[in-house]
Each structure stands twice: as C-alpha cells, then as structure tokens.
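Student: The structure is given below, and queries will be raised subsequently.
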Amino acid sequence: VSALIPGPGERIDRRHVFRIGGISVSLAALVAACGDDRTGDTSPGRVGYAPPITDPPDYSVDDAVLLRTASSLEYTILYVYEQLVAVVDGLDPAIQDLLARVKADHEDIVQTLADLTEEAGGEPWECTNPWMMDRVVEPALELIATSDDPTRDAFNFAVALENLAASTHQVYAVELSEADLRIPSLEIATLESRQAAAMVIAARGPEGYISPAVIGEGVPTDEAGIPEQYAITDRFGSVAQTEVTLGPPDENGVRESFTLQTPAENSYVYNELEPTC
Amino acid sequence: VDLESAEPATSRRSLIATLGVAGLAGAAALAGARPASAAPYSPTATASDTALLDPAMRLELAARRLYLDAAQVLGGDAKFVAETFAGNHMAYADSFAAATGNSADAIDEAFYEENAQAFTTSDVVAFAEAAWAMENSFAATYTEMSRDLEAVQSRTTVAAIVVINARMATVLADLAGVSDDLDLVLEPPAEPFTLEEVVA
Numbered sequence: 021v022s023a024l025i026p027g028p029g030e031r032i033d034r035r036h037v038f039r040i041g042g043i044s045v046s047l048a049a050l051v052a053a054c055g056d057d058r059t060g061d062t063s064p065g066r067v068g069y070a071p072p073i074t075d076p077p078d079y080s081v082d083d084a085v086l087l088r089t090a091s092s093l094e095y096t097i098l099y100v101y102e103q104l105v106a107v108v109d110g111l112d113p114a115i116q117d118l119l120a121r122v123k124a125d126h127e128d129i130v131q132t133l134a135d136l137t138e139e140a141g142g143e144p145w146e147c148t149n150p151w152m153m154d155r156v157v158e159p160a161l162e163l164i165a166t167s168d169d170p171t172r173d174a175f176n177f178a179v180a181l182e183n184l185a186a187s188t189h190q191v192y193a194v195e196l197s198e199a200d201l202r203i204p205s206l207e208i209a210t211l212e213s214r215q216a217a218a219m220v221i222a223a224r225g226p227e228g229y230i231s232p233a234v235i236g237e238g239v240p241t242d243e244a245g246i247p248e249q250y251a252i253t254d255r256f257g258s259v260a261q262t263e264v265t266l267g268p269p270d271e272n273g274v275r276e277s278f279t280l281q282t283p284a285e286n287s288y289v290y291n292e293l294e295p296t297c
Numbered sequence: 200v201d202l203e204s205a206e207p208a209t210s211r212r213s214l215i216a217t218l219g220v221a222g223l224a225g226a227a228a229l230a231g232a233r234p235a236s237a238a239p240y241s242p243t244a245t246a247s248d249t250a251l252l253d254p255a256m257r258l259e260l261a262a263r264r265l266y267l268d269a270a271q272v273l274g275g276d277a278k279f280v281a282e283t284f285a286g287n288h289m290a291y292a293d294s295f296a297a298a299t300g301n302s303a304d305a306i307d308e309a310f311y312e313e314n315a316q317a318f319t320t321s322d323v324v325a326f327a328e329a330a331w332a333m334e335n336s337f338a339a340t341y342t343e344m345s346r347d348l349e350a351v352q353s354r355t356t357v358a359a360i361v362v363i364n365a366r367m368a369t370v371l372a373d374l375a376g377v378s379d380d381l382d383l384v385l386e387p388p389a390e391p392f393t394l395e396e397v398v399a
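These protein sequence lines are chains E and B, in that order. If you're matching positions, the first sequence starts at 21 in our numbering and goes up one per residue. If you're matching positions, the second sequence starts at 200 in our numbering and goes up one per residue.
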C-alpha cells in the first residue's frame with residue numbers, strides 16, 4: 021500500500037485516488053464479511069409489500085390424500101354449480117339438461133371417490149377444497165356476479181373447472197399406487213373430459229370442436245378479448261396450468277385472470293386435516 | 200534421409216487410417232440396419248409394456264389411414280375433424296414408437312380393411328358413427344391396458360391419450376347428430392379392442 025502513497029513533492033492524480041479508494045473499499049468489505057456477530061433475517065431482500073410466505077405442511081402424501089383431494093375438487097365443482105344457478109338465466113333447455121346431468125354425474129363421482137378413499141385406508145372427505153375456495157372460487161364467483169356478461173363468465177369458469185377436474189384425475193390415474201384405484205380415476209378423467217367437451221359443443225357448436233392450438237395456431241378471442249373455449253384443446257390430455265379470465269373490465273379494459281392448476285402440496289387434503297364443513 | 204526410421208510412423212498412420220475407415224463403415228452399417236423412423240432415444244417401456252404398445256401402435260396407424268381416407272371424400276367441418284384426428288392418431292403412434300423404440304411404420308392391415316368401407320364415405324353421419332365407435336373402443340382399450348402397464352411413462356402416455364379419445368368421441372357424437380342423447384355422449388357403449396386378435 022505504501023507504494024501507492026505519493027512521496028514528498030509528488031502530485032496526487034486521479035489514478036492514485038482510484039487505487040487507494042478501491043483498496044479501502046475492498047478491505048472494508050473483507051473485514052465486514054469476516055465478522056461473526058451478524059444478526060437479522062437471512063432470507064433474500066424483498067421490495068414492496070408481499071404477503072408472508074407460508075411453507076406447506078410437512079405431512080405425508082399417500083393414496084388416501086390424493087383421493088381426498090380429488091373429492092374436495094368434486095365438492096368444489098358442485099358448490100360452484102349451485103352458486104352459478106343464481107347468476108345465470110335464459111339458458112337453452114338443452115344446456116340446462118346437460119348441466120343437470122353433469123351435476124348428477126359429479127354427485128356419483130364423489131360417492132365413488134369416498135368408496136375408494138376407504139379402500140385406501142383413509143377417511144372420505146366431504147367438503148370443498150379450502151385452498152381453492154379461498155384463492156380462486158370465492159373471488160371468481162364475486163367477479164362473475166358483477167360481470168358485464170355473467171353467462172359467458174359462468175360458462176368459461178364451469179368449463180375450466182371441468183378441464184381441471186379431468187386433468188387432476190388423469191394425473192392421479194398414474195400417481196396412485198394401486199391399479200384398483202388408478203383405473204376408476206382414469207374412468208373419471210374420461211367422463212369429465214366428455215363433460216367438458218359436451219359443454220363447449222352445446223354452447224358453441226362446430227366452431228368449438230377443435231382448438232387451433234392443436235394444429236399449432238393461436239387461440240382466438242371473442243369480441244370481449246377473452247379466449248374461446250374448445251372441446252379438444254390439445255393432441256394429448258394436458259395437465260399444465262390454465263388461465264380463466266373473468267369479471268368486468270377495469271378502467272383500462274383489463275379483466276382479472278385466475279390460474280388453475282392440478283392440486284399440489286399446498287392444496288392437498290392431508291389425512292391430518294379436519295373437515296371444514 | 201533415414202528411410203527406416205519412417206517405417207514405424209507409416210505403420211501407425213496406416214493403422215489409424217484402417218481403424219478410422221473400419222469405424223466409419225461400422226457406423227454406416229449400423230445406421231443402415233436401423234429403421235429410418237426409429238425413435239432417437241432410449242425406450243422407456245418394459246418388455247411387457249412393449250407387447251401391449253406395439254399392437255396399439257399399429258392400430259393407431261390404421262386409424263390414421265382411415266381418417267385420411269375419410270378426409271379425401273368429406274367436406275367442411277367433417278373434413279377438418281378427419282384431418283385433425285388423423286394427426287392425433289399419428290402422434291399417438293409416434294409416442295408408442297418412442298416408448299418402445301420400435302419404428303412406427305407398420306399398420307394393422309386387418310383392422311384397416313375391416314373399417315375402410317365405413318370411413319370412405321361422404322355421408323357425414325355414417326362417417327361420424329363409425330369414427331365415434333372406434334374412438335370409444337380406443338378409450339376402453341387404453342383404460343383396460345393401463346391396469347397392466349408397468350412403466351410410469353407408459354401409463355402417463357396412455358392416460359393422456361384416453362382423455363382425448365373421449366373428447367374426440369364427443370365431437371363425433373355431435374357430428375353424428377346424437378349430442379342430445381346424453382347417455383350416448385357421456386357413457387357410450389364401448390368394446391375394447393382385443394389387441395392380439397387384431398394383430399393376428
């Protein structure tokens with residue numbers, strides 16, 4: 021360092037200042053890093069307000085948990101259909117018949133899932149999915165009730181939930197450990213795929229048969245800018261997350277979107293969970 | 200110039216050249232022996248899975264040809280449906296080829312011949328009824344097959360196909376004009392294919 025200090029009569033130029041300044045900062049950082057009395061939060065810094073992160077519970081996931089979760093999704097769908105009846109009116113009789121049939125099928129499915137849960141050694145779950153209800157369903161229903169087109173939004177939400185249910189059972193048809201549990205799950209996935217497709221066709225006719233995405237083209241939107249629904253959305257059954265756009269536009273013409281994804285650690289109905297209904 | 204000292208170097212060069220040519224020839228021979236459309240990665244299916252997926256792959260290729268035949272004589276929505284569903288079945292055959300490592304180049308001729316007449320029609324309803332029955336049978340076949348598949352990847356693939364078979368059948372039910380019959384649409388009668396018999 022002494023070599024950097026100018027001798028008597030030498031001028032201090034800018035280069036000297038940068039060198040001495042740089043060495044001082046480096047030494048200070050080194051000394052600070054070597055300190056052993058640092059305290060405080062070690063998590064990454066956050067800018068702005070965000071809700072605190074909650075870790076998912078550390079419970080085990082077995083066949084019973086998957087089946088209880090599947091049941092919770094079915095009860096959630098049944099709850100949504102009951103709520104939408106109050107919002108939607110003027111439906112075509114053919115669509116009303118279809119919805120009544122779909123609802124009855126979901127009631128049969130919850131019974132099947134309850135039997136399978138007991139077979140897997142679990143306690144059947146007879147309530148909606150708490151995680152989905154808080155984060156998706158209740159806010160979505162509020163938006164649908166105040167929408168500029170409640171019937172359109174109710175239709176889109178119902179189709180999205182049917183697709184989600186089909187995807188969930190498709191996943192469980194692989195994940196469940198016993199074939200005697202997997203096959204009924206695959207049958208339910210098949211039925212709910214038919215339900216979703218039938219709902220779209222009933223509302224849109226041949227225009228709703230096949231998404232252009234299947235042949236690599238973009239999905240068109242309706243006059244309100246909301247993506248159209250299709251009976252066949254992919255060449256293979258997708259289990260990827262999807263978005264549904266609901267509610268009235270804000271002052272910028274932007275509507276709220278909800279991401280729907282197959283249940284995971286944060287939305288499983290663990291065996292330790294107490295009924296919420 | 201010491202000519203003798205060059206002799207070992209010439210031998211090494213010859214040896215390397217000979218090995219290089221032999222290696223290239225071997226690679227060329229292997230490439231020639233391998234089917235052109237074989238999947239370029241390792242199979243994921245077990246031997247037991249392959250015994251099920253191979254005949255299913257030939258059925259898928261037959262289904263594709265049936266839809267392509269139909270697309271030749273149909274028009275409008277039905278033509279688009281037939282073309283798209285042909286593409287779907289090709290994708291399923293390819294996925295089985297990828298799982299088994301076998302080439303997707305042999306169709307089930309018997310199945311094709313059995314159904315060719317029903318698909319080569321400009322009558323939309325007749326086409327849709329034949330295709331609807333076929334898709335429901337595919338769905339029933341794969342649902343049963345899923346019980347016996349060993350590899351998770353095999354089960355994953357089949358599950359992803361079954362749900363689209365069901366959606367295709369629902370579209371075909373509408374084309375056939377029976378979408379008001381909710382029992383037919385949502386719980387259609389379906390006989391699974393007996394894969395061994397079809398292949399024989």
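Just so you know, even glycine gets a beta-carbon here, dropped at the ideal spot from N, CA and C. These numbers were taken from a predicted model, which means no experiment stands behind them.
#1: How close, in whole Å, do the beta carbons of L87 (chain E) and G141 (chain E) come, if the pair is a contact with beta carbons under 8 Å?
#2: Mark F326 (chain B) as exposed unless 16 or more other C-beta atoms lie within 10 angstroms of its C-beta, in which case mark it buried.
#3: Ignore the nearest five residues each way along the sequence and tell me which others in D253 (chain B)'s own chain have a CB closer than 7 Å to its CB.
#4: Along the beta strand (DSSP E) that carries F278 (chain E), what are the first and last residues, could you check?
#5: Return the chain-ordered list of same chain residues with a C-beta closer than 6 Å to the C-beta of T171 (chain E), the five sequence neighbours on each side being excluded.
#6: Going by the DSSP bridge assignment, what does P387 (chain B) pair with across the sheet?
#7: What in chain B is Cβ-close to V234 (chain E), meaning under 7 Å?
#8: Quick check on the burial criterion: 16 or more other C-beta atoms within 10 angstroms. Buried or exposed for A260 (chain E)?
#9: Spatial neighbours of C297 (chain E) within its chain, please: CB distance less than 6 Å, with the 5 preceding and 5 following residues excluded, ordered by chain position.
#10: Out of curiosity, what's the CA-to-CA distance linking A372 (chain B) and T243 (chain B)?
#11: For my contact list, A160 (chain E) and F177 (chain E) are in at a C-beta cut-off of 8 Å; report their separation, rounded to the angstrom.
#12: Just tell me which of E:S92, E:R39, E:T279 and E:F256 has its CA closest to the CA of E263 (chain E).
#13: Here's the rule: buried if 16 or more other CB atoms are within 10 angstroms of the residue's CB, otherwise exposed. What is R354 (chain B)?
#14: Which same chain residues end up closer than 7 Å to V81 (chain E) when comparing Cβ atoms and leaving out the 5 residues on each side of it in sequence?
#15: With burial defined as no fewer than 16 other Cβ atoms inside 10 Å of the residue's Cβ, what is the status of V324 (chain B): buried or exposed?
#16: From A339 (chain B) to L211 (chain E), what does the alpha carbon distance come to, in whole angstroms?
#17: So what's L273 (chain B) in DSSP terms, helix, strand or just coil?
#18: So which residues on chain E does T299 (chain B) lean against when the C-beta distance must stay under 8 Å?
#19: Among residues of its own chain, excluding the 5 on either side of V200 (chain B), which ones have a beta-carbon nearer than 6 Å to its beta-carbon?
#20: Would a check of beta-carbon distances place F175 (chain E) closer than 7 Å to chain B?
#21: Tell me the rounded alpha-carbon separation between D248 (chain B) and A389 (chain B).
#22: Considering only residues of the same chain and omitting the five flanking positions on each side of A261 (chain B), which have a CB-CB separation below 6 Å?
#23: Please identify the residue among B:D322, B:D293 and B:M289 whose C-alpha is closest to the C-alpha of V272 (chain B).
#24: What does the alpha-carbon distance come out to for the pair G376 (chain B) and E343 (chain B)?
#25: Suppose only complete runs of 4+ residues qualify. What are the alpha helix (DSSP H) ranges in the stretch 288-344 of chain B, listed by chain order?
Tutor: On the basis of the coordinates in this document:
#1: Sequence index remark: in the first sequence, residue 87 (chain E) carries index 67 (1-based). Sequence index remark: in the first sequence, residue 141 (chain E) carries index 121 (1-based). In fact, because the Cβ distance is near 10 Å, the residues do not count as touching under 8 Å.
#2: Start at 1 with the first residue of the second sequence, and residue 326 (chain B) comes out as number 127. F326 (chain B) is classed as buried because its beta carbon has at least 16 other beta carbons within 10 Å across all chains shown.
#3: As a position in the second sequence, residue 253 (chain B) is number 54, starting the count at 1. The answer, listed in chain order, is T299 and N301.
#4: The count along the first sequence starts at 1 and reaches residue 278 (chain E) at position 258. For F278 (chain E), the enclosing beta strand (DSSP E) stretches over residues E276 to L280.
#5: Within the first sequence, residue 171 (chain E) is the residue found at index 151, counting from 1. Contacts found: V108.
#6: Residue mapping note: residue 387 (chain B) aligns to position 188 of the second sequence, counting from 1. The partner list for P387 (chain B) (beta bridge, DSSP) is empty, contrary to what the question assumes.
#7: The residue labelled residue 234 (chain E) in the question sits at position 214 within the first sequence. Under the 7 Å cutoff, chain B gives T283.
#8: Position 240 of the first sequence, counted from the first residue, corresponds to residue 260 (chain E). By the neighbour-count rule (16 or more Cβ atoms within 10 Å), A260 (chain E) is not buried but exposed.
#9: Indexing the first sequence from 1 puts residue 297 (chain E) at position 277. Around C297 (chain E): C147.
#10: Residue numbering aside, residue 372 (chain B) sits at position 173 when the second sequence is read from its first letter. Residue numbering aside, residue 243 (chain B) sits at position 44 when the second sequence is read from its first letter. Looking at the two C-alpha atoms, the distance is approximately 35 Å.
#11: By 1-based counting over the first sequence, the position of residue 160 (chain E) is 140. By 1-based counting over the first sequence, the position of residue 177 (chain E) is 157. Going by Cβ atoms, the distance from A160 (chain E) to F177 (chain E) rounds to 6 Å, so yes, they are a contact pair.
#12: By one-based count along the first sequence, residue 263 (chain E) stands at place 243. Out of E:S92, E:R39, E:T279 and E:F256, E:T279 has the C-alpha closest to the C-alpha of E263 (chain E).
#13: Here residue 354 (chain B) refers to the residue found at position 155 of the second sequence. Buried: at least 16 other Cβ atoms inside 10 Å.
#14: Mapped onto the first sequence, residue 81 (chain E) falls at position 61. Y288, listed in sequence order.
#15: Position 125 of the second sequence holds residue 324 (chain B). Burial call: exposed.
#16: Along the second sequence, read from residue 1 onward, the residue named residue 339 (chain B) stands at position 140. Along the first sequence, read from residue 1 onward, the residue named residue 211 (chain E) stands at position 191. Approximately 12 Å, taken between the alpha carbons.
#17: One-based indexing of the second sequence puts residue 273 (chain B) at position 74. Note: L273 (chain B) maps to coil in three-state DSSP.
#18: Residue numbering aside, residue 299 (chain B) sits at position 100 when the second sequence is read from its first letter. Near T299 (chain B) there are no residues of chain E at all, since even the closest Cβ is about 17 Å away, more than 8 Å.
#19: Residue mapping note: residue 200 (chain B) aligns to position 1 of the second sequence, counting from 1. Note on V200 (chain B): pLDDT 39, under 50, position unreliable in the model; no value is reported.
#20: Taking the first residue of the first sequence as position 1, residue 175 (chain E) is located at position 155. So no, F175 (chain E) is outside the interface.
#21: On the second sequence, position 49 is the one that residue 248 (chain B) refers to. On the second sequence, position 190 is the one that residue 389 (chain B) refers to. So the alpha carbons of these two residues sit roughly 23 Å apart.
#22: The residue labelled residue 261 (chain B) in the question sits at position 62 within the second sequence. Only I306, D307, F310 and Y311 meet the Cβ criterion.
#23: Here residue 272 (chain B) is taken as the residue at index 73 of the second sequence, counted from 1. Ranked by Cα distance from V272 (chain B), the first of B:D322, B:D293 and B:M289 is B:D322.
#24: In the second sequence, residue 376 (chain B) corresponds to position 177, counting from 1. In the second sequence, residue 343 (chain B) corresponds to position 144, counting from 1. Each residue's Cα considered, the two are about 29 Å apart.
#25: 308-318
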